[in-house]
Each structure stands twice: as C-alpha cells, then as structure tokens.
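Remarks on the structure that follows.
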Amino acid sequence: MAVAVIGGGYAGMAAAVTLAEQGVPATVFEAAAHLGGRARRVTFGGLKLDNGLHILLGAYHESLRMIRLVNRDAERALLRSRLDWRIHRRFRLRLPPLPAPLHLVAGLIAARGCSIGARLAAARFVRTLTAPDFHLPQDTSVANLLAVHGQHDVLARLVWRPLCVAALNTPPEEASARVFINVLRDSLGAGAGDSDVLLARCDLSALFPEPAAHYLNAHGGTVLTGHTVSRITLHSGGFDVEARGARSRFSHVICALPPHRLPPVIAGIPQLEHVSGTVARFQYQPIFSVYLRYPERVVLPAPMLGLANCLAHWVFDRDAICGQRGLVAAVISASGPHQMLTQDELALRVHSELERHVIPLPRPSWYRVIAEKRATFACTPGLERPPQRTPLANFFLAGDYTLADYPATIEAAVRSGVHGAREVLRSLNTA
Ligand SMILES: Cc1cc2nc3c(=O)[nH]c(=O)nc-3n(C[C@H](O)[C@H](O)[C@H](O)COP(=O)(O)OP(=O)(O)OC[C@H]3O[C@@H](n4cnc5c(N)ncnc54)[C@H](O)[C@@H]3O)c2cc1C
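Numbering (my numbering), first residue to last: 324 to 754.
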C-alpha cells in the first residue's frame, strides 16, 4: 500500500495530514517550490505577503480543526473578530455577542445606513433562507433570489452584492443562489461564532501547509516540492505517477490539482474522461490584490473596510492584522473593469480611491499587484462539480472545485481533502 497526493495546496495537505493522523504515510507531489497553491506566501520588498488576502469564517470548522492539529501557534496565528460589515461612510452592521439568531436581529436593528424597512426585509430574508425546511426548488442567480425576496436596493448594493462577490467570487447576476444560501446558512444563520471573521497574522503558507508538511515528516510522510506530475497512468493494481522524468508506483491516488491542471495529468486514463469533460466546462473568475506601501504612520480607520463605488472592494490595514506598518492591501474580486488597466494604472487608481474616500495619503513608495486570473471557478447556478469518488476504485479527487455545498474556498478545499483521505482509509480497511 502506498498513497500519492498530487498537489500541495490546502486540499492536498489536508488529505495527507488526515492519512498521517491514522498512521498512513503519503507522498505529496507539489509542482511549486513552496506549498499553499492559491493560498500561499509571496515575498516582496522584504515582506512576507500573500498571493491574495484571505478571509476565513468561524464556520470553517474543518479548516480550523486542521490548522489547530498541525500549527502549535494556531490561536495566535489567526486574528478573530465578530462580524463588523463596514462599508466606508455608507453602512455598518456589527453582530453583538448574543446567541444566534438574536445576534443578527440585534445587529440589524442597530445597523446604520439603511431604512428600518430594508433591515426588516433583510432579517426576514436570512430567516427564510436559513430555516431548516427551506428548499430552493431550482437553482437560480443570486440577483434573482434578491429580487424574489424583495431586498431593498441599498442592502443589495452594500451587503448582498459584496457578500456574494466575496464569498462566491462571482457577480450576483451569474452566481448560484443555492451555494449563496449555503454560505448564509453556515455563517449568519448558524451559531454566533460561525459568522466571526478570521484573518491570518502569518502568511498563508505558514498558517497551514508548511506546519502540515512538518507534521507529515514527523509521521513518516514525504513532501516533494518542485515535483510537477506530468502524467498518471493505470497499471494492474495501482497507478504510476510520473514526475521529473521518473515513475513511482502507488496503490491509491488523491489528486488535489487545480481543475484546469487536471485534464492533461489524467489524459491517459479513459475511466476519467467524464471528469476531464466536466472540469473543461468550468469558467474562471479572477481576484486581484494590490499592496501599497506607505509611511509607517498611515493607519486605516479599520483593519478591514469595504468601499462603495470604487474599483477596490475591500482594503486591509496590514499593521492591524500582522504588524506590517504602513502597508495597505486592497482586494478586487471577480471580473470587472479593473481588468482593462495595466498593473501600474490599477495600483495608482486604488491609491487615489483611498486618498479620495478614506484618508489623506502620500504617494506609496512601492506597490505590487498580484493578479490571480483563475482564482476560482465561476460558481454559477446548477454547475456540475465532479464528486471525490471517481469510477476508478482507489483514485479520488480533492480540491475546492469538487462536489460540495461551498464555493471555492479554503473550507471547501480542506473538507474535500479530509473526505478524499477518509475514502482511502475506508478502502484500506475493507481491503
Ligand atoms: C487571490 C485569492 C483570494 C482568495 N480569497 C479567499 C478567501 O478570502 N477565503 C477563502 O476561503 N478562499 C479564498 N480563495 C480561494 C482559496 O485560496 C482556494 O479555494 C484554495 O486555496 C484552493 O485550494 P486547493 O488545494 O483546492 O487548490 P490549489 O491551492 O490550487 O492547490 C493545488 C496545488 O497543486 C499544485 N499543482 C498544480 N499542477 C501540478 C502538477 N502538475 N503536479 C504537482 N502539483 C501541481 C499547485 O502548485 C498547487 O499548490 C482565494 C483564492 C485566491 C487565488
């Protein structure tokens, strides 16, 4: 018995850790020099940055469990706060420390920036959609869902639209209402702590994938970075994994590649043609991150602040999060007009938005734009996502794109990895 995990992102590392926990050492093949995939460290200007600011929710139970399992500094590594939805000078919704659903009702009553009618409609909307007996007969767009449930324009613009874009990385007109409801159910509609916002105080490679690699090494596993898998082929009783011109033989494979990298790797396995066909139909959405370096005295009004009518959706004060003084990071999710700008134009545009709408600012001493063009799959209504189990016994898929309640998120990735590993363990126990 030998298990290969292909891909050292959050899904692959969660799979390998779950196996190691049960005494099954795996070999992880990762193409890049560093672990983390779409949630990884990027070093620039002597600072440890991320390829994109990531928000975790209190509802990410599986991710938090995994992080705690491998990262001894887990509690310090995450800055946890109650949801404070703050769109600069337009809207603010803070959830008080009350049990759910009282926290939401009280938060909405006290919210600033829209009429009482709009707030009541929002409370009804969340209660209806998160009730245990609620069932959406057919998936539709989030925009349609908001219209059917009479959501006022102000809340649609300042809460539901930004929430949809932040969570599903897909504009409401194209986003799946079913997946959006799942996110609402598990965050605003669940226990009070589930809507908490968690921001990493260390970089995203150091948060989970790297401590996971230490955990694996200590439990007999192997992590091979710089090992791009070019092909997996089937042979009697197992799989050949080809990387760096060498072949290794495994009885089980958990393939945790990003969806667009999957088809060429499994092209030689006819039983997986349907999987390749399914992911080939995916569309992708980008996420742009803009880091701006200001003098150390520059401080934003909040660690995380939403902007209305700007290209930048959210801005983060990195000092408040991880002690990087004077560093501001802006996030622009999903497709939009920002994609027409050069990186210089985009950075200076975000700078002028901050200067005009938030605080007076000198010119940044440097900036860095990181464009992840395929940040996530477009989470559209009725999208077919492949299950983790494939027609091949002992070959499982993991990754944020596999069949799940959640959009492409860290939690979807981790859950899929844990699930894939449990499938392997089940097959080993029944062999
Ligand atoms: C900019 C940005 C912002 C985001 N913001 C959030 C957020 O706020 N909250 C949230 O929950 N999620 C967010 N996400 C989504 C989250 O990062 C992903 O859902 C998650 O990281 C996906 O993990 P994964 O393991 O499924 O895939 P990946 O991270 O893509 O991992 C796959 C791994 O496979 C490796 N690989 C590729 N080809 C090969 C090969 N041939 N051989 C070997 N290895 C290979 C890759 O290098 C990679 O390490 C964001 C994503 C981006 C890009």
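Every residue, glycine too, gets a C-beta built ideally from N, C-alpha and C.
- If you check the CB distance, I329 and V502 do not come in under 8 Å.
- G332 and L421 have their alpha carbons spaced roughly 36 Å apart.
- For S612, the uninterrupted beta strand (DSSP E) run begins and ends at 607–616, by DSSP.
- Contiguous beta strand (DSSP E) elements confined to the stretch 467–546 occur at 520–523, taking only those with 3 or more residues.
- Uninterrupted beta strand (DSSP E) stretches at least 3 residues long and entirely within the stretch 389–466 occur at 401–404, 407–410, 414–417, given in chain order.
- Remark: three or more beta-carbon pairs, one from each stretch, lie closer than 8 Å, so the stretch 519–539 and the stretch 367–384 are flagged as touching.
- Here the stretch 598–613 does not lie against the stretch 564–573, with fewer than 3 beta-carbon pairs under 8 Å apart.
- In this model, D517 and V428 are separated by some 15 Å (Cα to Cα).
- Burial check for V471: the Cβ neighbour count within 10 Å stays below 16, so the residue is exposed.
- Within the model, the alpha-carbon separation for I410 versus L669 is close to 21 Å.
- One Cα belongs to F719, the other to A400, and the distance between them is close to 31 Å.
- Annotation: the continuous alpha helix (DSSP H) that includes R641 extends over 641–645.
- Listed in chain order, the beta strand (DSSP E) elements of length 3 or more contained wholly in the stretch 663–713 are 689–700.
- For E565, the three-state secondary structure derived from DSSP is strand.
- By the Cβ-count criterion, E619 is exposed, with fewer than 16 other Cβ atoms from all chains shown falling within 10 Å of its own Cβ.
- When only Cα atoms are considered, L380 and P687 end up about 31 Å apart.
- For L392, the closest C-alpha among the options T601, L751, E344 is that of E344.
- Rounded to the nearest whole angstrom, the CA to CA distance from V552 to E353 is 8 Å.
- Look at L379: its beta carbon is less than 7 Å from one of the heavy atoms in ligand 1.
- With respect to the C-alpha of H661, the residue from R672, P424, V651 having the closest C-alpha is R672.
- At least 8 Å separates the beta-carbon of T341 from that of P704.
- Distance between E695 and A362, taken at the CA atoms: about 11 Å.
- The residue among Y690, E734, R697, N717 with its C-alpha nearest the C-alpha of L370 is Y690.
- Counting of Cβ neighbours within 10 angstroms places F611 among the buried residues, the total reaching 16 or more.
- Annotated three-state conformation of I555 is strand, per DSSP.
- Sequence-distant partners of L530 (beyond 5 residues in either direction) whose C-beta falls short of 7 Å from its own C-beta, in its chain, are I390, N394, A400, A523.
- DSSP, read as helix, strand or coil, puts M336 in helix.
- The beta carbon of D642 is closer than 6 Å to those of R648 in its chain, skipping five residues each way along the sequence.
- The Cβ-Cβ distance between A479 and G740 does not fall below 8 Å.
- With a threshold of 16 other beta carbon atoms within 10 Å, G600 falls short and is exposed.
- Taken through DSSP and simplified to helix, strand or coil, H575 comes out as strand.
- DSSP, read as helix, strand or coil, puts I329 in strand.
- By the 16-neighbour rule on beta-carbons within 10 angstroms, S386 is buried.
- The beta carbon of P586 is closer than 7 Å to those of S599, V602, A603 in its chain, skipping five residues each way along the sequence.
- In this chain, the alpha helix (DSSP H) harbouring R749 covers 733–753.
- Cβ neighbours of Y617 within its own chain (closer than 7 Å, five residues either side excluded): G649, V651, L684, P685, P687.
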